[in-house]
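Under full-length UniProt numbering, think of the first position of the sequence shown as 1, with each following residue one higher. Backbone N, C-alpha and C fix where the C-beta goes; we use that ideal spot for every residue, glycine too. As the structure is a computational prediction, the values presented were derived from the model and not from experiment. Input: a single structure, listed below in structure tokens.
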Amino acid sequence: MRLVIKIGGSLAFDANGPRLAYLKRVGEVVAVLKKKHQLIVAVGGGQFIRKYLRNVKGKLPNRQIEWIFIELLRANVRLLSFMFGLKPIFDLNEVTKKTTGVVGGIRPGRSTDANAAVCAEKIKADLFIKLTNVEGIFTKDPKKYKRIKTVVMSGRNPKHLFDVLQGGPHGTVIG
Numbered sequence: 001m002r003l004v005i006k007i008g009g010s011l012a013f014d015a016n017g018p019r020l021a022y023l024k025r026v027g028e029v030v031a032v033l034k035k036k037h038q039l040i041v042a043v044g045g046g047q048f049i050r051k052y053l054r055n056v057k058g059k060l061p062n063r064q065i066e067w068i069f070i071e072l073l074r075a076n077v078r079l080l081s082f083m084f085g086l087k088p089i090f091d092l093n094e095v096t097k098k099t100t101g102v103v104g105g106i107r108p109g110r111s112t113d114a115n116a117a118v119c120a121e122k123i124k125a126d127l128f129i130k131l132t133n134v135e136g137i138f139t140k141d142p143k144k145y146k147r148i149k150t151v152v153m154s155g156r157n158p159k160h161l162f163d164v165l166q167g168g169p170h171g172t173v174i175g
């Protein structure tokens, strides 16, 4: 299976930096998944980067601040690539149907979610999972339907990824 897993920055990084205990738990899941599946992990910025940017806002032109933001996101990519044993992806042109790795910010004006979606399209992903700090979103009511897809899931417990890959419910119904 070809997978793209987007880790929300709010899960991975607090105001003081990386949430290493959480990232270690995600890494344990990634270690299992990458043995059986083609995998791209995407990561956001989190509170640390937002705090950093608030401190420089108004002191530099917006375009320069945007490039600083990209470089901070690249540091997040580098950290996760080391922790997960995956290659860092800093250019979406590098992504082919066979690519595995970690992606984040590429250039100003495009979110890490958008970059994850581009990667999913390029590798023809079977599943794009977004880990967030909310419970998640289902395609149908899990109380009425046995076979549902989670579109967005809570990333608080990374091991729930295994359940989602097997068709189990972890999310919130919208409707």
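- Where Val43 is concerned, the enclosing beta strand (DSSP E) starts and stops at Gln38 to Val43.
- For the UniProt domain "Aspartate/glutamate/uridylate kinase" (1-65), the full-length alpha helix (DSSP H) segments reaching 4 residues or more read 9-12, 20-36 and 46-56 along the chain.
- Spatial neighbours of Val4 in its own chain (CB-CB distance under 6 Å, excluding positions within 5 residues in sequence) are listed in chain order as Ile40, Ala116, Cys119, Ala120, Ala125 and Phe128.
- In the structure shown, the three-state DSSP call for Thr99 is coil.
- The Cβ atoms of Gly105 and Ile70 lie closer than 7 Å to each other.
- Per DSSP, Lys122 is one residue of the alpha helix (DSSP H) stretching across Thr112 to Lys122.
- According to the DSSP assignment, Lys130 belongs to the beta strand (DSSP E) that extends over Leu127 to Thr132.
- Contact between Leu86 and Val102 holds: their C-beta atoms lie close to 5 Å from each other, under 8 Å.
- Taking each of Asn157, Phe90 and Ser111 in turn and checking the Cα distance to Gly45, the smallest one comes out for Ser111.
- As a beta-bridge residue in DSSP terms, Pro88 pairs with Val102.
- Rounded to the nearest whole angstrom, the CA to CA distance from Thr100 to Gln38 is 6 Å.
- Only exposed fits Phe82, as fewer than 16 other CB atoms lie within 10 angstroms of its CB.
- Here Thr132 is buried, its C-beta having at least 16 other C-beta atoms within 10 Å.
- Secondary structure at Arg78: helix, using DSSP grouped into helix, strand and coil.
- Phe162 counts as exposed, since fewer than 16 other C-beta atoms from the protein chains shown sit within 10 angstroms of its C-beta.
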